[in-house]
Every structure is written in structure tokens, then in C-alpha cells.
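Sequential numbering of the sequence shown, starting at 16, is according to the working numbering. Glycine included, C-beta positions come from ideal geometry on N, C-alpha and C. Predicted model only: the values in this text are computed from it and were never measured. Some notes on the structure that comes next.
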Amino acid sequence: MNQIETYFSQKKWYNLALSIEENLEKNKLVKEILLFIENKIFPVSKSFYPTTFASVVLSTIKHRNSIDLIEKAQELLRNDLLETETHFLAVDFLEIYRLEFMLLNGDKCHTQVYNFLEKKLKDAHNKKMIANLYRLSYEFYEIIGKYEEAYSYLIKYVEICGMPDYNERNYNISDISPKFLAEKMARLSLLSKDIHNYNTFYTSPIFPYLENKELSDLYINTKQANISFLKKTNLITKYGLSIDGLIEKAHLISLLNYFFTLKSHRVRFDEAAKLLNIPKNDVPSIFLKSLSMKIVKGYIDCEKEEMVFTLLMCKILETKDIDDMINKFDSWRSKVRNVINTMDFGLKN
């Protein structure tokens with residue numbers, strides 16, 4: 016504590032803040048520092064830069080099963096007569112962690128969290144603030160069971176933080192490891208009935224951090240629509256997933272991948288049934304599912320027992336497939352230009 020006391024007596028506020036945060040991060044002098052913050056730092060809070068003061072308070076979260084310090088700090092910042100944009104930013108940082116604490120401890124604060132996110136996500140410009148809002152968003156939507164929204168915000172969180180190469184301390188983000196986030200992304204992908212784009216995570220730099228082999232096997236085999244694996248494995252129930260839901264998702268991915276290989280826009284029921292290894296009567300329901308999710312546009316020709324698709328959304332394409340489509344389009348566009356140039360030349364002559 017000698018160094019901390021010295022910085023305090025010399026009014027070296029920034030050095031004091033760094034020393035407090037470093038000691039708490041290393042679990043050193045925890046009890047003494049918590050008392051020091053409450054008894055010495057709070058009375059001189061106006062001496063600190065607002066976000067530095069907020070950062071000191073937030074460093075206590077892992078060591079104190081309470082949000083009373085956060086609420087006291089917010090009150091001090093709000094009562095400052097020299098309120099600036101930085102003061103409001105510091106209050107919002109504290110509010111994110113206050114709401115997160117309540118949310119993760121089972122408090123009934125869903126409406127409060129939703130309203131806060133709805134307002135702040137629209138106005139946020141500070142990169143650190145946006146990252147924290149994304150983190151709170153994915154935690155909130157996961158807790159209320161909206162896995163697609165949770166996954167969407169988790170992707171944004173990873174991207175804005177530059178995962179896995181960013182330093183958490185630079186953003187004042189609680190220590191969330193790439194390994195934890197990779198596992199979280201895999202789980203959300205498997206839990207959601209509406210996530211069929213498995214390539215975004217699979218091709219991201221964070222995927223190699225998915226060290227849980229069981230989850231990795233589940234994710235990859237669902238992505239590859241390996242129905243036989245999914246029917247045999249006991250991992251689905253082990254991770255609390257829906258067997259029928261995951262197999263339906265794999266069937267859908269398999270069918271859509273097949274659509275992308277075809278030149279014709281028609282697929283017979285019996286052809287799809289053979290591909291998916293399911294009864295022919297089950298094929299229409301899978302196609303209707305893809306229509307309802309707006310992954311495919313088309314219709315069913317009941318008389319001919321065919322599925323007719325008019326548009327496929329590029330939600331599950333591999334990068335090489337997208338490149339192939341771009342090359343085909345470029346080739347077609349080049350041919351059209353040649354025809355137009357030939358016509359122009361003929362008209363001029």
C-alpha cells in the first residue's frame with residue numbers, strides 16, 4: 016500500500032489509478048484497496064478525470080459482490096457542477112456494469128436493460144462505449160433466449176475489439192478470453208433455430224480458439240450437414256440442444272447447399288429425399304421452412320412434386336462459392352458488354 020499512499024499524497028491521480036487497477040487485477044491488497052477507494056478516493060473524486068475515476072470503481076467489481084460503489088460513484092459524477100460530456104460517458108460506463116451485475120445475478124431488470132440499450136446504441140460514438148454496449152447486448156439477449164440477436168451482437172463485439180489480438184485493458188472490458196467467446200459463439204449458433212450462416216464464425220480469426228473438441232465437432236458436423244453423425248452422437252443432449260432442431264437445421268443447410276450447385280431452378284421431391292435421406296413426404300416442410308425464414312424465394316409445384324426456387328440468399332455460402340458466383344457474374348457482364356459494343360459499332364457504320 017506504500018506506493019498507493021505515496022501517489023495519493025503527491026496527488027498523482029493517474030498513477031494512483033493505474034496502481035490500484037494493477038494490484039486488484041493481480042488480487043493483491045484487495046481488502047485494503049477497497050477500503051482505500053471508499054474512504055480516500057471517493058471524497059476527492061473530482062480530482063480525477065471522470066472516466067479514470069469510473070475505471071477505478073469498475074476494477075472493484077470482481078472482488079465485491081455488490082454494486083453499491085458503482086451507484087455511489089454515479090451519484091458523485093451526476094452531482095458534479097462541472098458536468099461535461101466525459102462525465103456523462105463515465106456515468107454510462109458505470110451504468111453498463113451496474114445493469115450487467117443485476118442481469119447476471121438474476122435481478123428482474125430486463126425492461127431497464129432493454130430501454131438503456133435502445134437509447135444508448137443509437138447515440139454511442141466512443142469505441143470503448145460501443146464495445147461495452149455490444150457486450151451487454153449479447154448477454155441480455157442470451158439470457159432472454161433470443162439467440163440470433165445475441166449471436167449478432169457477439170459478432171459485433173468481437174469485431175470492434177479486434178479479437179483475438181486486442182488488449183482488454185485498453186477498452187476497460189472485463190477479462191473475456193477469446194477461448195470463452197469462441198465457445199459462446201459456437202453454443203449460440205447451435206442453440207438458435209434461425210442461425211444457418213456457420214461460415215462467419217468458422218472463417219473468423221477467433222474460431223481456432225474453440226478448444227472444446229465436443230462443441231467443435233458438433234459445430235463442424237452441423238455446418239457440413241453430416242446427418243449420420245448428428246443422429247448417432249450423444250453430444251446434442253449433453254449440451255442441452257434439441258436433436259430434432261439440429262437435424263432439421265442440418266437438413267436445411269444440406270438442401271440449400273445443393274440448390275447452389277444446380278443450373279436448373281427445380282428440384283424433385285424424390286431427388287431431395289434421396290439427398291437428405293428422409294421420406295419424400297418430409298421434403299416440402301423443409302422447403303417451406305426455408306421460405307418462411309426468407310433464405311429462399313420460390314414455391315412448391317404440387318402437381319409435378321417439385322420445389323421451384325427463384326432466389327437464394329447467400330447466407331450459407333463458403334467463400335469459394337461466393338467467388339465462383341462473382342466470377343460467373345463478371346463473365347456474364349463482360350459478354351453483355353461485348354454484345355453492346357458490337358451493336359454500337361454496327362450502328363455507327
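In whole angstroms, what separates the C-alpha of residue i from that of residue j?
i	j	result
Ile-293	Phe-116	47 Å
Asn-182	Asp-259	Because the pLDDT at Asn-182 is just 44, under 50, the model does not fix this residue reliably, and the value given afterwards should be weighed accordingly. Approximately 40 Å between the Cα atoms of the pair.
Ala-240	Ile-268	6 Å
Ser-62	Asp-83	21 Å
Phe-51	Phe-103	25 Å
Leu-290	Glu-133	44 Å
Leu-118	Phe-108	15 Å
His-140	Thr-252	42 Å
Arg-281	Thr-248	33 Å
Ile-158	Ser-279	43 Å
Lys-26	Asn-94	22 Å
Leu-148	Lys-43	29 Å
Leu-92	Thr-21	25 Å
Asn-30	Ile-56	13 Å
Leu-196	Ile-170	10 Å
Glu-263	Ile-301	8 Å
Leu-33	Ser-24	15 Å
Arg-79	Leu-114	15 Å
Pro-58	Trp-28	13 Å
Lys-142	Leu-136	11 Å
Met-200	Ile-145	19 Å
Phe-131	Ile-85	17 Å
Tyr-273	Glu-198	29 Å
Val-298	Leu-277	17 Å
Lys-295	Ala-288	5 Å
His-125	Glu-110	14 Å
Val-323	Ile-315	6 Å
Tyr-217	Val-45	40 Å
Tyr-254	Cys-317	39 Å
Thr-215	Asn-120	31 Å
Ser-307	Ser-349	36 Å
Tyr-64	Phe-275	57 Å
Is it the case that the Cβ atoms of residue i and residue j are separated by a distance below 7 Å?
i	j	result
Tyr-168	Ser-152	yes
Thr-325	Lys-309	no
Ala-235	Ala-265	The residue asked about is misnamed: residue 235 is Ile in this sequence, not Ala. No.
Val-71	Ile-19	no
Ala-165	Tyr-172	no
Leu-225	Leu-245	no
Tyr-112	Leu-49	no
Arg-283	Glu-321	yes
Leu-206	Leu-233	no
Asp-209	Glu-163	yes
Met-16	Glu-37	no
Going by CA-CA distance only, name the one from the options that's closest to residue i.
i	options	result
Glu-174	Phe-222, Lys-43, Lys-135, Phe-155	Phe-222
Lys-319	Glu-286, Thr-325, Phe-108, Gln-18	Glu-286
Leu-256	Lys-278, Leu-326, Leu-230, Ser-243	Leu-230
Cys-176	Arg-150, Glu-163, Lys-199, Glu-164	Arg-150
His-211	Lys-137, Ala-288, Thr-237, Phe-23	Thr-237
Leu-271	Ser-305, Tyr-254, Phe-244, Tyr-162	Ser-305
Lys-77	Lys-41, Tyr-217, Ile-56, Asn-54	Lys-41
Lys-161	Arg-202, Phe-23, Phe-275, Leu-114	Arg-202
Lys-87	Met-16, Glu-53, Asp-297	Glu-53
Glu-100	Phe-131, Cys-124, Asp-138	Asp-138
Glu-154	Tyr-129, Lys-143, Met-144	Tyr-129
Asn-227	Val-323, Tyr-64, Lys-194, Thr-215	Lys-194
Name the one or two DSSP bridge partners that residue i has.
i	result
Arg-281	Val-323
Asp-107	Paired residues: none, contrary to the question.
Leu-313	Looking at the sequence shown, residue 313 is not Leu but Gly. According to DSSP, Gly-313 bridges with Phe-324.
If I'm right that residue i touches residue j with Cβ under 8 Å, what's the distance once you round it to whole angstroms?
i	j	result
Ser-60	Phe-68	5 Å
Val-106	Gln-127	Actually they do not touch by this definition, with Cβ atoms about 15 Å apart.
Leu-39	Thr-66	Rounded, the Cβ-Cβ distance is 17 Å, inconsistent with contact.
Ser-219	Tyr-213	The Cβ separation is near 11 Å, so there is no contact.
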